[in-house]
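So that you can map any letter, position 215 of the sequence shown is 200 in our numbering, and since no number is skipped, the others follow by simple counting.
To start, the structure under review is shown below, and the notes come after it.
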Amino acid sequence: MTIVGQEAASADVTAGLPADFCWGVATSAYQIEGAVDADGRTQSIWDTFCRVPGAVFNSENGDVACDHYHRMPADVSMIAGLGVDAYRFSVSWPRVQPGGRGPLNRRGADFYSRLVDELLSAGVQPWITLYHWDLPQELEDSGGWPARDTAYRFAEYASLVHSVLGDRVPTWTTLNEPWCSAMLGYHQGVHAPGRRDFGDAMKAVHHLLLGHGLAAQALRSLGVGELGITLNMGCATPFSSSAADIDAARRADGLGTRIYLDPLVHGRYPADVLEDIGVSLPVAEGDLEIISTPLDVLGVNYYSSLTFRGGDDPASPVVVPQSLPVTAMGWEIVPSGLTDLLVRLHNDYGLPMVITENGAAFDDVAGSDGFVADADRVSYIASHIEAVGKACSLGADVRGYFAWSLMDNFEWAYGYAKRFGIVRVDYETQERVLKQSAHWYRDTIHQHRGL
Ligand code: GCO
-14 MTIVGQEAAS ADVTAGLPAD FCWGVATSAY QIEGAVDADG RTQSIWDTFC
36 RVPGAVFNSE NGDVACDHYH RMPADVSMIA GLGVDAYRFS VSWPRVQPGG
86 RGPLNRRGAD FYSRLVDELL SAGVQPWITL YHWDLPQELE DSGGWPARDT
136 AYRFAEYASL VHSVLGDRVP TWTTLNEPWC SAMLGYHQGV HAPGRRDFGD
186 AMKAVHHLLL GHGLAAQALR SLGVGELGIT LNMGCATPFS SSAADIDAAR
236 RADGLGTRIY LDPLVHGRYP ADVLEDIGVS LPVAEGDLEI ISTPLDVLGV
286 NYYSSLTFRG GDDPASPVVV PQSLPVTAMG WEIVPSGLTD LLVRLHNDYG
336 LPMVITENGA AFDDVAGSDG FVADADRVSY IASHIEAVGK ACSLGADVRG
386 YFAWSLMDNF EWAYGYAKRF GIVRVDYETQ ERVLKQSAHW YRDTIHQHRG
436 L
């Protein structure tokens, strides 16, 4: 089919990428599955948070979402039809271990077992994320991530999932975006569980990292092939060369990136960040060795980059908009930031990387057949793939790219208002229609393989 945006594909946006580059699409459990009461699943903090008046746009929730739980085989065929190598999905903790403690819930776990089988028989590699924000509510009730015990519960859950899928899944990601769990969930209160306490958020940071490390050790001892964690990051650029602006960017980078990667890779928290936060982290003897269990791959989720200046309160860096085009989230489109970020991560941390999420929400307009001519999304994705190729040419070791997202889905506090999919979902009928970006992505993958 001839589509607008074809030119972008033919202007080889994949230059610089390795020949065996892995192409994928990504989703997460709560955002697509629905079936929140099925087969023994219990409530997660997101089920609870969605019921808080005003917490989610239009009081929407993930009860039905894309109904993927019931439509999984057809969704897998659709994924395979895109010609991708891999599919990144997350496992819902309260589905496989209701309440966050105790034995495996066989019926819930079976869903993922069937999903993995379906993917493998369609020639698509499964890429698991163990935690994409849906903490069992019972664990939040006993303290959530600010409580140390949650880290141990997470490691136990990781082993349970491995007991079901370990024989067939090569790549295991522990956490998705711990910054969001800690800062949006426990400090800003805009994500579940909606708490607003900076001290709790800092405890959550440490216990998320500890949970990652304990799970990593457990998975390593069980023999997983490839182990990683996914962080959301961007470049933090000072607005000017003034000392205050440079300090603002340093602080933002410290709390956004280094507070995670320094302990993960170097086994220590950055001294300047410990000083900035002004509270002590609940680090016990031996924690940092656990947290720095060697990783095989760093998952990078990239959407935008920010410029900062110092404000009246040095602890609160101020974002300075750069008058760049924005997505429907209001996020500025900064592909060059992705190149800079990857090169910097390569230099500072030296890990192989995979872009585990990149993509954009736009105000899609669907035709009567549901087709969306999303040239804006095509150009967003194309420019970011190009940015990855540039980073590779500059020496960064980037091995794959997952488009966020396979299909429109529940965008957390924004409900269903923001559409990130390369496939449109009609939430009335659950019909899926490939957008122009999906066609373009498939063609681009095809071209990269020289087919
Ligand atoms: C994210 C999440 C996704 C979001 C996406 C767009 O990792 O932040 O992984 O769940 O939908 O980032 O905001």
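Beta carbons: idealized from backbone N, C-alpha and C, even for Gly.
Computed from a predicted model, the values in this text were never measured in an experiment.
Out of Asp297, Phe293 and Gly406, the CA that lies nearest to the CA of Asn343 is found in Gly406.
With distances taken between CA atoms, Ser75 lies nearest to Leu100 out of Arg91, Asp247 and Leu100.
Taking C-beta atoms under 8 angstroms as the contact rule, Asn217 and Trp157 fail to qualify, at a distance of about 19 angstroms. For secondary structure counted as the beta strand (DSSP E) over 3 or more consecutive residues, the segment 284 to 369 holds these complete runs in sequence order: 291 to 294 and 338 to 343.
Taking the C-beta atoms as reference points, Tyr426 is found nearer than 8 angstroms to Ala388. Pairwise C-beta distances place the segment 224 to 235 out of contact with the segment 165 to 177, as fewer than three of them are shorter than 8 angstroms. Around the CB of Arg138, 16 or more other CB atoms lie within 10 Å, so the residue is classed as buried. The set of residues whose C-beta lies within less than 6 angstroms of a heavy atom of ligand 1 reads, in chain order, Ser13, Gln16, Asn161, Glu162, Cys165, Asn217, Asn286, Glu342, Trp389, Glu396 and Phe405. Distances from the alpha-carbon of Tyr54 to those of Gln202, Gly435 and Ser13 put Ser13 closest.
Apart from the 5 residues on each side of it in sequence, Leu309 sits with its Cβ closer than 8 angstroms to the Cβ of Glu317, Ile318 and Val319 in its chain, given in chain order. Taken in chain order, the whole alpha helix (DSSP H) runs of length 4 or more contained in the segment 243 to 283 are 256 to 262 and 272 to 276. Fewer than three Cβ pairs drawn from the segment 288 to 299 and the segment 188 to 197 lie within less than 8 angstroms of each other, which leaves the two stretches out of contact. In this structure, DSSP gives Asp411 an extended state, which the three-state scheme calls strand. Distance from the Cα of Ala167 is smallest, within the candidate group Ser144, Leu150, Pro155 and Ala132, for Ala132. Comparing alpha-carbon positions, the option among Ser290, Leu67, Ala313 and Ala300 lying closest to Pro306 turns out to be Ser290. Secondary-structure assignment with DSSP links Ala11 through a beta bridge to Arg73 and Trp389.
Rounded to the nearest whole angstrom, the C-alpha separation of Phe34 and Pro178 is 6 angstroms.
By the criterion of at least three beta-carbon pairs nearer than 8 angstroms, the segment 362 to 371 is not in contact with the segment 254 to 265. Relative to the Cα of Ala203, the nearest Cα in the group Tyr142, Ala107, Ala50 and Leu104 belongs to Tyr142.
Non-local beta-carbon contacts of Ala372 in its own chain, meaning distances under 6 angstroms to residues more than five positions away in sequence, involve Pro320, Leu323 and Thr324 in chain order. Under the 10 Å beta carbon count, Glu18 is surrounded by 16 or more other beta carbons and is classified as buried.
Looking from the CA of Gly47, the closest CA among Gln110, Gln16 and Pro58 belongs to Gln16. Nearest in C-alpha terms to Val350, of all of Gly184, Asp393, Val285 and Ala40, is Asp393. For Ala221, the enclosing beta strand (DSSP E) covers residues Ala221 to Pro223.
Of the residues assessed, Leu2 falls on the buried side of the cut-off, its CB having 16 or more other CB atoms within 10 angstroms.
The shortest C-alpha to C-alpha distance from Gly352 to any of Val410, Gly284 and Pro111 is the one to Val410. Within the model, the alpha-carbon separation for Gln122 versus Gln432 is close to 46 angstroms. With contacts defined as CB atoms closer than 8 angstroms, Val69 and Gly128 fail to qualify as a contacting pair.
At a Cβ-Cβ threshold of 8 angstroms, Arg404 and Ala346 count as neighbours. Leu216: not part of any alpha helix (DSSP H); member of the beta strand (DSSP E) spanning Glu211 to Asn217, first to last residue. Boundaries of the alpha helix (DSSP H) around Pro79: Trp78 to Val81. Taking C-beta atoms under 8 angstroms as the contact rule, Pro267 and Lys375 fail to qualify, at a distance of about 41 angstroms.
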